[in-house]
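Q: Using my numbering, the first residue of the sequence shown is number 715, and each one after it goes up by one. By construction, the Cβ of each residue, glycine as well, lies at the ideal position given by its N, Cα and C atoms. Remember, it's a predicted structure, so these values are computed and weren't measured experimentally.
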Amino acid sequence: MIYKLLVPGPIDDVEQVRVLEWHGEEGHAFAQGELVVELETHKALVEVRAGQAGILRSVISREGDWVDIGSPLGLLSDKADEPVPESLEELAEMALSFEVS
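If you want it as structure tokens, here you go:
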């Protein structure tokens, strides 16, 4: 199954975050709980961790991009050979955990 990884929220007084660093390139396999991407707000660092194991299939929001809360960051899948759909609308959201520091 293909999942979309969204900018987590809500975060107090934040509407946008900047993508600071991806912790793997497309094709990288993440374990449950592993740090996937770091985001920053005007006040804090946000660490986004995988809620389940998955393979990073596509980076939608690149390092340095400013994106809205709830916007897609990337696509992850259970298997490396699953076809990536053209539309993100019907994809399930990947479970994730995040910490603001």
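(1) Here's a check: name, in chain order, each residue in its chain whose Cβ is nearer than 7 angstroms to the Cβ of L802, leaving out the five neighbours to either side.
(2) May I ask you to verify whether the region 725-733 touches the region 794-811, counting CB pairs closer than 8 angstroms and requiring at least 3?
(3) Quick one: Cα of R763 to Cα of D782, how far?
(4) To which residues of the same chain is M715 closer than 6 angstroms at the C-beta, ignoring the five residues directly before and after it?
(5) Please report how far the alpha carbon of G768 lies from the alpha carbon of V798, in whole angstroms.
(6) Answer yes or no: do L759 and S815 have a C-beta to C-beta separation smaller than 8 angstroms?
(7) When the Cα atoms are used, what is the spatial distance from Q746 to L790?
(8) D782 lies in the beta strand (DSSP E); which residues open and close that run?
(9) Exposed or buried, what is G778 when buried is set at 16 or more other beta-carbons lying within 10 Å of its beta-carbon?
(10) Check the Cβ-Cβ distances between L770 and every residue of chain C, and say whether any is below 8 angstroms.
A: According to the structure shown:
(1) As a position in the sequence shown, residue 802 is number 88, starting the count at 1. The answer, listed in chain order, is K718 and P786.
(2) no
(3) Position 49 of the sequence shown, counted from the start, is the residue given in the question as residue 763. Position 68 of the sequence shown, counted from the start, is the residue given in the question as residue 782. If you take the alpha carbons of R763 and D782, they lie about 18 angstroms apart.
(4) As a first step, residue 715 must be located in the sequence shown, where it is residue number 1. So the list reads D792, once near-sequence residues are dropped.
(5) Position 54 of the sequence shown, counted from the first residue, corresponds to residue 768. Position 84 of the sequence shown, counted from the first residue, corresponds to residue 798. G768 and V798: Cα-Cα distance of roughly 14 angstroms.
(6) Here residue 759 refers to the residue found at position 45 when the sequence shown is read from its first residue. Here residue 815 refers to the residue found at position 101 when the sequence shown is read from its first residue. Cβ distance < 8 angstroms, so L759 and S815 count as in contact.
(7) As a position in the sequence shown, residue 746 is number 32, starting the count at 1. As a position in the sequence shown, residue 790 is number 76, starting the count at 1. Roughly 12 angstroms between the two C-alpha positions.
(8) One-based indexing of the sequence shown puts residue 782 at position 68. Segment W780 to D782, the beta strand (DSSP E) holding D782.
(9) Position 64 of the sequence shown, counting from 1, holds the residue named residue 778. So G778 ends up on the exposed side.
(10) No chain C appears in the structure shown, which is made up of a single protein chain.
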